[in-house]
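Visitor:
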Amino acid sequence: MNRWIQVGILFAVICCAAHGFEPAAATPGARDDAAISPSAARRIQALFRPFQTDAAALSPSGQYVAYSLREGSSLSVIVVDAEKQERILTKVEVERGDSAAVMLGDEEEETLAEIGWMEWVNDRRLIVGTNRRGSYVGARPGSWITRTGVVLAVDVDAKKVETLLTPNDVAENVCKNPSLPNHGMAAPNEDPGLGGYIRTNLPPEPSLTDRWPRSLEIAGFFPGDPESVLVVAYGRNGYGRYALHALSGGLKPIEEEILDPTLIPIADRSRHARAVLSGSFRTPFPHAFMIEGGRRLHRWTKLDDMIRESTGGGFSVSPENFFGHRAVPLGFAENPDVLYYASNVGREVFGIYSVNLKTRKREALIVEHPTFDLIRPAADGLAAPGTLVFDRYTNVLTGVRFQAGRESTLWLRADLAALQRRLETVWPERSVRILGWDRAERKFLVLSFGPTECGSFSLVDIRTGRTSEFALRAPWLSTEAASTLQHFRFSSAQGTPMEGTLVVPRCTRLTPAPVLVWLRADAWEQTPASFEPELEAFASLGLVVLQVNGRGTWGFGVSRRELPPEGLVRACLDDVLRAIEGAGRVVPLNEKRVVIAGAKRGGYLGLRAAQLRPDRFRCVVALEPLLDPRTWAAESARMGLDGDLRLQRMFWPVDSASACPAISEANPPLARPALLLINEGSRRAELPMAFLDARTLARRMETSGGLVTILAVGQDYVRRSPRARCAAFREIEAFINLHLYEYAVNVGETKPVRD
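Residue numbering for the sequence shown follows my numbering, beginning at 65 and increasing consecutively.
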C-alpha cells in the first residue's frame, strides 16, 4: 500500500475511534472473529470509571461502619450497623462534582467529588473532609480567588450534614496596597545560607488588608484532644494550624507557620515544622536536613551536626547519594523530641529507627527487613508519605508500610503481625491494608486490593473469626472476567535475580497471545501493587501485559539501584528482552507480536528500545513521553521544577547526547509505527515544547519511511479524568488493531484535527 494512503487511513481511524471502532474484513492471516466485541468495549469504558467506594471508617465502639458511595456526580456517606451491614442507618449527600475543585478553562470534565479524610469522633458523630470549592472576590480589583476544602459533620440519627468549617473561616490577611509587604511575610535571619527564616506575627492593618480564604485539609485528630481535629489552612505565605472541636464547631487558632519557600517542612504530630530539608533546587548540592532550635532560638541546625555520632549520619541528599546510602527523617513521635528516620548507612536496605533529639542518643526502636527497603522515594529527596502507622487511641507507632511485590505492613505488635499474616492467606493475590480498629481491638477495618482487582472494604471480627465484605470499590467489574496476575523470575546478563509480572487476559484473540511490555514513568518504580485501569484495558485487547522489576528498581536494596555500565537505556532493553524469554516459560507468548509502551520517561525508553531493536517490537505506544531529555531539562529549569531531574542525573545524564539523545536525532531512526499521546497545552497559549518535539520526530520519520502518529490530548487527560482517559484508550485500541493485529478497517467519515 502506498505510504501516504496508509498514513491517511491511520489518521482517519484515529479521528473516528472515539465514536466507535468497527473493523471490516480481516486482512490475510488475521481471524475473522478477532475484532473487539461490544461487551469488551463496554468493559474498557467501565475500567476508567471512578471507584464507587474509596473511603471507610469504623466507630470507636465497633458498632457502626461508615463508607462513601459515588452515584454519578453525587458523593454520599452511608452509615450501617456493623453487625447487620445490610441495614442502612443513614445516607447523606456530602458533595457533588459540580461543587468540587474549580475547573480550569481548558477542562471539560468536572473534578470528581472526593473525601480527603473521614473518621468517627465518637459513636454518634462522623467528621468528613471534602474538596468542595468556594470563591471570593476581595476589595482589590482582580482579587478573585478560589479555594477548596470543607469540613462536615454527620450524625448517626440526624440524617443531615452540618458544615463546620469552610475556606472563608480560615482566611488570611492579604495587603491591598502592593507597595506594602503582605501580612505574615517572613524576615530572613542572620545566616541565610542555612535557609532559615524566623516566624513573625505582625498585626494586620484592617484598613489595608483583604481577607482571603485558604484551602484547608484535615491532618488528623488534635494531639491530646480526641474530640477535636487538626486543620491545616494553606495560603500565600505558609499555612495556619487550627483545632476544630467536632461537637461544638468551635475553632481555635494554634499557630501560623511561615517558612522560607526554599525549605521543605517535616512536621511533628501537630503539623509544626520541627525539621526541614534546606535549599532550593537552584542551589548547590548536597542539601542538608536541619532541625529547629539547637544553638539559638528560631535557628536551624544541621541534623548531621547534632546526631551524627549516635545515628551514623547521612542526613543530606544529592544526586550522588539519592539512590545510594543516606538517612531520611520520616516524622515524630507524640513526643516531638523523638524523631523517626529511615537509613541504609552501612546496610543494603533501608530500616526504620528513632533518635531522641534532646539527649542526642538513638533509641531502642529498630524495624528492619532482611530483603526489602522500608521506604519509597519522592523526587524532593524525602520518603513517600504514609510509611508510618500510628494507633489512633494511644498515638503510638504500631507499624511500617512497605512494598515487596505487594503492599504489606511490618507491625511492631505480635497480635497485629499475626492478623496481617492470616489476612494475607485469606486474600493471597491481594495487598492487605489494616486501616484501623475499635477501642477494644475486637473489630478491624481492612482494605484488600491487587493489580488486577479493584478490591473491597471488609470488617474482621477476631472474636468470632468472621470476615465480612461490606463495600466493593468497583462492583461493576466482574472478578470472573478480570485478568489474572502471574509472577516469574529471571536473571540479568550479570546474573542478578530479577522479578516480573504478567497480567494475563481470560480470553485472547490469538494463540499464543501477543505481548505488551509496559514501562513505568520512572525506571526505579516497582510494578504497581494497586489496580491500574490502563493495564487491565490493554489486557482486554487480548494482550499479555509484561512488567519488569529490572536493574535500577527501588525496594530491593542499594545494589539493585546501581546504574549498570552500559547505561539505563541498554540495561532496560536487555532486561526487557530477557524478561520476555523468562515469561515465555510461564505463559505461552507470541514473541513475533510484541508492542512496547510506556508513560513519560518510560515512553522515552520504549521509543529507544524500538529504535535499537526493531526486530523485536511491532509498534510503540508512548503516553506523554519524554522525547528530548535536553528540552525536558531546560523546561524544568525554567519553571523551577528541576529538582527531580537533578536528583535523577544518575539515570538521566541529559548533558550526554550519546547516552540520552533526542528521539528525533538518535540513530538508527525509528522504523516501527509509533503512537504518541502529547499534551497540546492551553488553546490560548503556544504549543508546548513536547508537542513541537513530537512534530519534529514525525517529519523526520516521513523522510525515512517511518510512521509517527500524534494524538493531541488536553488537560482532562493530563489530570486523569475518566472520560478523557477512556477516549484516549479507544484510539490506542485502533492503533494496536491496525499495527499489531493488522486488521483492515472501515475508516468512515474523516474530520480535521488540530495540528
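Here a beta-carbon is modelled for each residue, glycine too, at the ideal position from N, C-alpha and C. As the structure is a prediction and not an experimental result, all values here were calculated from the model.
(1) Check this for me: beta carbons of residue 678 and residue 726, under 8 Å apart or not?
(2) With a threshold of 16 other CB atoms inside 10 Å of the CB of residue 428, please say whether the residue is buried or exposed.
(3) Are the CB atoms of residue 218 and residue 523 within a distance shorter than 8 Å?
(4) Looking at the secondary structure, which residues open and close the alpha helix (DSSP H) in which residue 803 lies?
(5) Do the stretch 582-601 and the stretch 652-659 touch if we need at least three Cβ pairs shorter than 8 Å?
(6) Does DSSP put residue 534 in a helix, a strand or coil?
(7) Between 151, 156 and 181, which has its C-alpha nearest residue 224's C-alpha?
(8) Evaluate contact between the stretch 612-630 and the stretch 658-672, counting only Cβ atoms and requiring at least three cross-stretch pairs below 8 Å.
(9) Are the stretch 413-430 and the stretch 374-394 touching by the rule of at least three beta carbon pairs closer than 8 Å?
(10) For residue 243, I'd like the list of residues in its chain whose CB is within less than 7 Å of its CB, leaving aside the five on either flank, ordered along the chain.
(11) Measuring straight from C-alpha to C-alpha, what distance separates residue 196 and residue 282?
(12) Can the beta-carbon of residue 124 be found less than 8 Å from the beta-carbon of residue 186?
(13) Let's test the definition: count the other Cβ atoms within 10 Å of the Cβ of residue 460 and tell me whether it reaches 16, buried, or not, exposed.
(14) On a CA-only basis, which of 787, 469, 511 and 160 is nearest residue 484? Give me that one, please.
(15) Would residue 298 count as contacting chain B if we go by Cβ distances under 8 Å?
(16) Kindly indicate the opening and closing residues of the beta strand (DSSP E) around residue 564.
(17) If you reduce the DSSP assignment to three classes, tell me which class residue 317 lands in.
(18) In the DSSP assignment, find the unbroken alpha helix (DSSP H) run with residue 597 in it and report its ends.
(19) Take residue 825 and list the residues in its own chain whose beta-carbon comes closer than 6 Å to its own, dropping the five residues that flank it on each side.
(20) To the nearest angstrom, how far is the alpha carbon of residue 799 from that of residue 742?
(21) Could you name the residues that DSSP lists as bridge partners for residue 742?
(22) From this set, 237, 210, 220 and 194, which residue's C-alpha is nearest residue 227's C-alpha?
(23) Taking the straight line between their C-alpha atoms, what separation do you get for residue 180 and residue 737?
(24) Would you report the Cα separation of residue 445 and residue 293, rounded to the nearest angstrom?
(25) Does the Cβ of residue 551 have 16 or more other Cβ atoms within 10 Å, making it buried, or fewer, making it exposed?
(26) Have a look at 772, 766, 290 and 343 and flag the residue whose alpha-carbon is nearest the alpha-carbon of residue 755.
(27) Taking the alpha-carbon of residue 332 as reference, which of 325, 541, 792 and 395 has the nearest alpha-carbon?
(28) Should residue 368 be labelled buried (16 or more other beta-carbon atoms within 10 Å of its own) or exposed?
(29) What do you reckon, are the CB atoms on residue 112 and residue 789 nearer than 8 Å?
(30) Going by C-alpha to C-alpha distance, which of 290, 647 and 306 sits closest to residue 315?
(31) Can you tell me which of the three DSSP states residue 287 falls into?
(32) State the DSSP-derived secondary structure class of residue 668, mapped to helix, strand or coil.
(33) Pull up the DSSP beta-bridge partners for residue 194, would you.
(34) Determine which residues share a DSSP beta bridge with residue 403 and list them.
(35) Under DSSP, the beta strand (DSSP E) around residue 631 begins and ends at which residues?
(36) So what's residue 427 in DSSP terms, helix, strand or just coil?
Guide: In this structure, then:
(1) By one-based count along the sequence shown, residue 678 stands at place 614. By one-based count along the sequence shown, residue 726 stands at place 662. No, the Cβ-Cβ distance between residue 678 and residue 726 is not below 8 Å.
(2) Against the sequence shown, residue 428 aligns to sequence position 364. With fewer than 16 other Cβ atoms within 10 Å, it is exposed.
(3) The residue given as residue 523 occupies position 459 in the sequence shown. The residue given as residue 218 occupies position 154 in the sequence shown. For residue 523 and residue 218, no; Cβs fall outside 8 Å.
(4) Working through the sequence shown from its first residue, we reach residue 803 at position 739. It spans 786-803 - the alpha helix (DSSP H) in which residue 803 sits, taken as one unbroken run.
(5) Judged by Cβ distances under 8 Å, the stretch 582-601 makes no contact with the stretch 652-659, as fewer than three pairs qualify.
(6) Within the sequence shown, the letter at position 470 stands for residue 534. Reduced to three states, the DSSP call for residue 534 is strand.
(7) Taking the sequence shown and counting its residues from 1, one reaches residue 224 at position 160. Ranking the options by Cα distance to residue 224, first place goes to 156.
(8) No: the two stretches stay apart, fewer than three of their Cβ pairs being nearer than 8 Å.
(9) yes
(10) Residue mapping note: residue 243 aligns to position 179 of the sequence shown, counting from 1. With a pLDDT of 45 at residue 243, under the threshold of 50, the modelled position of this residue cannot be trusted; read the value that follows with caution. Once the five neighbours on either side are set aside, residue 243 has no close Cβ partner at all.
(11) Looking up residue 196 in the sequence shown gives position 132. Looking up residue 282 in the sequence shown gives position 218. If you take the alpha carbons of residue 196 and residue 282, they lie about 13 Å apart.
(12) Along the sequence shown, read from residue 1 onward, the residue named residue 124 stands at position 60. Along the sequence shown, read from residue 1 onward, the residue named residue 186 stands at position 122. Between residue 124 and residue 186, the C-beta spacing is below 8 Å.
(13) If you number the sequence shown from 1, residue 460 lands on position 396. That one is exposed.
(14) Looking up residue 484 in the sequence shown gives position 420. When only C-alpha atoms are compared, the closest one is 511.
(15) Reference to chain B is not applicable here, since this structure consists of a single protein chain.
(16) As a first step, residue 564 is located in the sequence shown; it is residue number 500 there, counting from the start. Run containing residue 564: 561-568, per the beta strand (DSSP E) assignment.
(17) Indexing the sequence shown from 1 puts residue 317 at position 253. Residue 317: strand per DSSP, three-state reduction.
(18) Here the question's residue 597 lines up with position 533 in the sequence shown. Element bounds for residue 597: 597-604.
(19) There is simply no residue 825 to check, as the chain begins at 65 and stops at 819 in what is shown.
(20) Residue numbering aside, residue 799 sits at position 735 when the sequence shown is read from its first letter. Residue numbering aside, residue 742 sits at position 678 when the sequence shown is read from its first letter. Roughly 15 Å between the two C-alpha positions.
(21) The residue labelled residue 742 in the question sits at position 678 within the sequence shown. According to the DSSP secondary-structure assignment, residue 742 is paired through a beta bridge with 776.
(22) The residue given as residue 227 occupies position 163 in the sequence shown. Closest by alpha carbon: 194.
(23) Indexing the sequence shown from 1 puts residue 180 at position 116. Indexing the sequence shown from 1 puts residue 737 at position 673. Looking at the two C-alpha atoms, the distance is approximately 42 Å.
(24) Within the sequence shown, residue 445 is the residue found at index 381, counting from 1. Within the sequence shown, residue 293 is the residue found at index 229, counting from 1. One C-alpha to the other measures close to 29 Å.
(25) What you label residue 551 is simply residue 487 of the sequence shown in a count that begins at 1. Under this definition residue 551 is an exposed residue.
(26) By one-based count along the sequence shown, residue 755 stands at place 691. Per the Cα distances, 772.
(27) If you number the sequence shown from 1, residue 332 lands on position 268. With distances taken between Cα atoms, residue 332 lies closest to 395.
(28) Counted from its first residue, the sequence shown places residue 368 at position 304. The C-beta of residue 368 has 16 or more other C-beta atoms within 10 Å across all chains shown, which makes the residue buried.
(29) Sequence index remark: in the sequence shown, residue 112 carries index 48 (1-based). Sequence index remark: in the sequence shown, residue 789 carries index 725 (1-based). Yes; because the gap between Cβ atoms is below 8 Å, this pair is in contact.
(30) Working through the sequence shown from its first residue, we reach residue 315 at position 251. Ranking the options by Cα distance to residue 315, first place goes to 306.
(31) On the sequence shown, residue 287 is found 223 positions in, with the first residue counted as 1. In the structure shown, residue 287 sits in coil (DSSP, three-state: anything other than H, G, I, E or B).
(32) Mapped onto the sequence shown, residue 668 falls at position 604. DSSP places residue 668 in helix when its eight states are reduced to three.
(33) By 1-based counting over the sequence shown, the position of residue 194 is 130. DSSP output for residue 194 lists 179 and 214 as bridge partner(s).
(34) One-based indexing of the sequence shown puts residue 403 at position 339. 396 and 419, per the DSSP bridge assignment.
(35) What you label residue 631 is simply residue 567 of the sequence shown in a count that begins at 1. It is not in any beta strand (DSSP E) - residue 631 instead sits in the alpha helix (DSSP H) that spans 631-648.
(36) Position 363 of the sequence shown, counted from the first residue, corresponds to residue 427. Note: residue 427 maps to strand in three-state DSSP.
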